[in-house]
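Here is the structure we will look at, set down as structure tokens.
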């Protein structure tokens, strides 16, 4: 009997010891806004003897110990990590997250229609760009995906490259006389010669596994993957060099899709939504929302599938064009801030 009680006692001590080893956590604010400064607090419920704590933010060691400052940093989720050294030779790694949100709520913009142009009602528009008087369009769906050069005034397809049936084409953009086109779930993008309108080579994605929208800011390709992130790719190596996350003053916004870089800001469509976000490319703050409700029905469509998904900008003449999946019209619009 004594042996039995000894075994039970050892088991209890062992369980208690295990609980003590793992009973640490980091306490941080869930969100920070205008003032990006916050302090992480280590919770040590069982009062284990702690030798030291090493803090880091997004994998980078903190020079201010448990004090952090997200001011002027990108918005979105940031990971706080603490490595706790205790009992002489033991350590435990623990993490928590802080959501960095925009300081101000986005402005709301309304629109007016300036011109209406015909658009192929069979084109499942995934990417759109205006270049030297023509529209370039990427259309999706398996067995229907294509890259097109289109006459603006008539909507006539002047040149067309059909993709293999296994590919579902997504966003596209034109940079340095090359056309870049994404595919959805094949982890593969295509590069074409602009003048010859001919395929050159493909490239693979890195951490952004899916291809959704694509634009550029003259130095980087800007890519979405269906999350809240916008990835900035080196146009030569196609490596993802950094990312931003799109946030309002209340939340992150997911399902970012078609993109266009306009006057220093990123215009971003959200999947299954008939509005366009105006995003600060430095930190991801959503500074404005362009409400384009009403255009879908004018283009002969309704529902959640055949929604807005084409943004193109004529910088020389300051013209903004929008269309959508299987819309029969393309609209030139002007937008103004709602009073």
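Residue numbers (my numbering): -3 to 335.
Virtual Cβ for every residue (Gly too), placed ideally from N, Cα, C.
- Residue 141 is positioned such that its CB atom lies closer than 8 Å to that of residue 135.
- With a 10 Å radius around the Cβ and a threshold of 16 neighbouring Cβ atoms, residue 104 comes out exposed.
- DSSP places residue 291 in the uninterrupted alpha helix (DSSP H) bounded by 291 to 294.
- For residue 53, the enclosing beta strand (DSSP E) starts and ends at 46 to 53.
- In terms of Cα proximity to residue 300, the closest of 311, 271, 23 and 190 is 271.
- For residue 131 and residue 121, the gap between their C-alpha atoms comes out near 12 Å.
- With a cutoff of 8 Å on beta-carbon distance, residue 334 and residue 244 are scored as not near each other.
- As the crow flies, the alpha-carbon of residue 287 is around 7 Å from that of residue 107.
- By the neighbour-count criterion, in which a residue is buried when 16 or more other Cβ atoms sit within 10 angstroms of its Cβ, residue 165 is buried.
- Here residue 178 is buried. Its C-beta has 16 or more other C-beta atoms within 10 Å.
- One alpha carbon belongs to residue 194, the other to residue 172, and they sit about 15 Å apart.
- Rounded to whole angstroms, the separation of the alpha carbons of residue 95 and residue 238 is 18 Å.
- Residue 209 is positioned such that its CB atom lies no closer than 8 Å to that of residue 180.
- Excluding five sequence positions before and after residue 127, the CB atoms of its chain that fall closer than 7 Å to its own CB belong to 170, given in chain order.
- Non-local C-beta neighbours of residue 330 in its own chain, meaning closer than 6 Å and more than five positions away in sequence, comprise 108 and 110, ordered along the chain.
- If you compare the alpha carbons of 293, 332, 256 and 159 with that of residue 317, the shortest gap goes to 256.
- Contact between residue 264 and residue 242 holds: CB atoms are separated by about 7 Å, below the 8 Å threshold.
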